[in-house]
Structure formats: C-alpha cells, structure tokens
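Each number in this note's numbering corresponds to the 1-based position in the sequence shown with 331 added.
Think of the CB as a built atom: it goes at the ideal place given N, C-alpha and C, for glycine as much as any other residue.
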Amino acid sequence: IICNKIPGLAPRQRAICQSRPDAIIVVGEGAQMGINECQYQFRYGRWNCSALGERTVFGQELRVGSREAAFTYAITAAGVAHAITAACSQGKLRQCGCDREKQGYYNQEGWKWGFSRRFVDAREIKKTPRRLMNLHNNEAGRKVLEERMKLECKCHGVSGSCTTKTCWTTLPKFREIGYLLKEKYNHAVHVEVVRASRLRQPTHLKVKQTQGYQKPMETDLVYIERSPNYCEADTATGSVGTQGRLCNRTSQHTDGCDLMCCGRGYNTHQYTKVWQCNCKFQWCCFVKCNTCSERTEVFTCK
332 IICNKIPGLA
342 PRQRAICQSR
352 PDAIIVVGEG
362 AQMGINECQY
372 QFRYGRWNCS
382 ALGERTVFGQ
392 ELRVGSREAA
402 FTYAITAAGV
412 AHAITAACSQ
422 GKLRQCGCDR
432 EKQGYYNQEG
442 WKWGFSRRFV
452 DAREIKKTPR
462 RLMNLHNNEA
472 GRKVLEERMK
482 LECKCHGVSG
492 SCTTKTCWTT
502 LPKFREIGYL
512 LKEKYNHAVH
522 VEVVRASRLR
532 QPTHLKVKQT
542 QGYQKPMETD
552 LVYIERSPNY
562 CEADTATGSV
572 GTQGRLCNRT
582 SQHTDGCDLM
592 CCGRGYNTHQ
602 YTKVWQCNCK
612 FQWCCFVKCN
622 TCSERTEVFT
632 CK
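Set out below in structure tokens:
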C-alpha cells in the first residue's frame with residue numbers, strides 16, 4: 332500500500348519497494364538526509380538546494396545537467412547508502428545480516444550496498460547522456476562514503492592480551508561526507524559522451540577538451556552542461572532566485588550582498604533583539620535576570 336502512495340517512483344523502484352516496504356522507509360530517510368545536507372552545504376550560495384522540495388530519489392530531476400545536479404545526485408545516493416547501512420547494522424531491517432564477503436565468502440557487494448544501488452539507480456531508464464551522468468554521480472557519492480568507513484577492533488583476553496579480536500566497520504558522520512562532496516563539487520569535471528559507432532547510443536563518459544580518451548575518476552562529480560547564474564527563479568534549473576535572500580554587506584564571498592543579489596542592490600532592515608541576560612540565582616529559590624537589548628541590521632536582496 333505504501334508503495335502505491337509514493338509519487339515519482341519508476342516502475343523498477345516500485346517493484347523493489349513492494350518487495351521490501353520496510354527498507355523503503357529507510358530509503359526515504361536517507362534521501363531526506365541528503366537533501367538536508369545539500370541545503371546546509373549551499374546555505375550561503377545563490378543556489379541553495381531549496382527548490383528540490385520532494386526527495387530527489389522519488390521526485391523530478393533537475394533538468395539541467397549542471398554541477399549542482401551532480402552534487403544533488405551524489406549526496407542523495409550517499410544519504411540512502413548511509414541510512415541503509417546504519418539501519419542494517421542496528422538490526423532495524425529484516426533479512427539483513429553480515430556481509431558474507433567479510434566471513435570469507437565471495438560476494439560482489441554486501442546486501443546494504445546492493446539494495447541502495449539497485450533502488451537509487453533504478454530510475455535511470457532512458458539511454459541518454461544525462462543517464463550516464465546521473466549513474467556516475469550516484470556511484471561517486473556511494474564511493475566517497477565507502478572510502479571513509481573505518482575498521483575498529485576490540486581485543487578480548489586475560490589481562491589485556493589479544494587472544495581474540497572483534498572487528499567492525501563504522502560509518503562516518505554524514506556531515507563529513509557533505510564536506511567531501513562539496514569539495515568534489517568545487518572541482519567537478521566537465522564531461523561529454525562517447526557514442527557507440529553503430530547504434531549512436533551514449534555508452535561512456537570522457538573528460539571534455541582533452542587529447543585522446545580520458546575517463547573521469549570514480550569519485551569525481553561530473554556534469555555535461557554549464558550552470559546558470561541562479562539569479563532569477565526558474566523551476567527548470569532548480570533556482571528560486573535570490574530576491575529576499577539574506578546577505579552579508581561586508582562579505583566578499585558568495586554570501587556577500589554584491590554576489591548574492593546579482594547587482595540588483597539590497598534592502599536594509601532594522602530591528603531590536605531582546606533577551607534575558609546577567610541571570611543570577613537568588614536564595615531561595617528563583618533566578619533573577621536583567622533584560623538586554625540590541626539594535627540589529629539585516630540585509631536582503633532586492
């Protein structure tokens with residue numbers, strides 16, 4: 332029932348959902364975690380991730396294949412993988428045990444990674460350049476997460492000896508993944524597609540404007556179209572514009588009024604901030620405070 336109520340699912344995603352409805356709730360939490368992290372990382376930029384609205388795994392993609400779209404797919408895929416791995420490790424999902432590869436059996440991927448990959452990538456159906464871009468960025472997000480997982484061990488034995496040892500892998504804080512992917516965004520790679528000679532279908536990505544054939548690195552974020560300026564609202568590009576956005580009058584960075592407001596200028600607003608201060612405990616038994624106030628200015632884009 333829950334699977335039929337989720338808008339925007341591709342047919343294969345809906346089938347996966349129906350087979351594992353317990354896991355789909357965790358997928359949604361992971362996707363939302365990715366969007367929240369996206370909004371945090373870009374909170375001071377013209378594009379601040381706020382137009383994504385619904386979870387990207389379930390909803391519509393950003394139509395422009397820009398570096399912002401690349402970050403969105405990578406951070407969301409990483410969020411889903413992080414949430415599934417955490418839920419699996421905590422025993423919150425049925426039929427989710429230890430990775431058999433760690434027990435000495437060959438297994439191409441642990442269940443948690445395989446499920447995350449199958450579900451997130453399942454919406455990429457059409458054989459287009461954008462599909463190759465999205466799949467690459469999905470995998471880059473998961474790869475960055477995987478590379479930051481650490482092995483921790485605890486010794487067991489008499490008087491501190493290490494007769495036996497128990498080891499487990501630990502997930503990094505998701506904020507750490509957000510910072511790493513933001514750095515990848517800053518150095519995102521412009522790519523173009525390589526088409527099969529007979530069918531003319533896009534088959535691979537290669538770095539644009541390079542001699543010969545050079546593939547992007549596994550953890551590179553890649554884009555196929557240049558970013559718009561995000562000054563005006565445009566649903567196609569995922570831009571809400573910058574009118575009314577808070578800006579910093581003295582900053583020379585992306586949060587500064589000059590850059591944030593796209594040259595349109597800014598409005599100044601004054602208000603009085605009031606709070607309790609200099610609180611002291613009085614015997615017996617209450618707290619006595621003074622009232623402090625401060626005149627504050629804020630600036631918003633015209």
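- The beta-bridge partner set that DSSP reports for R526 consists of P533.
- No Cβ-Cβ contact shorter than 7 Å links E360 with A405.
- By DSSP's assignment, Y602 forms a beta bridge with T627.
- For L340, the number of other beta carbons within 10 angstroms of its own is at least 16, and it is reported as buried.
- Rounded to whole angstroms, the gap between the alpha carbons of P547 and C610 is 58 Å.
- In the three-state reduction of the DSSP assignment, T501 falls in the strand class.
- Distance between Q583 and E392, taken at the CA atoms: about 32 Å.
- Between L552 and Y516, the CB-CB gap stays under 7 Å.
- Of T573, N469, A418, S624, the smallest CA-CA separation from N379 is found for T573.
- Within its own chain, the residues whose Cβ lies closer than 7 Å to the Cβ of D586, once the five positions on either side in sequence are excluded, are Y375, C578, N579, listed in chain order.
- The three-state secondary structure of D565, taken from DSSP, is strand.
- Here Y554 carries a strand assignment [DSSP, helix/strand/coil].
- In terms of Cβ geometry, G509 and E368 form a close pair [threshold 7 Å].
- Secondary structure note for L590: its alpha helix (DSSP H) is the uninterrupted segment 588-591.
- Burial of S570 is indicated by the presence of at least 16 other C-beta atoms within 10 angstroms of its C-beta.
- Within the DSSP bridge table, the entry for F402 names no partner.
- Bounds of the alpha helix (DSSP H) holding L476 are 460-478.
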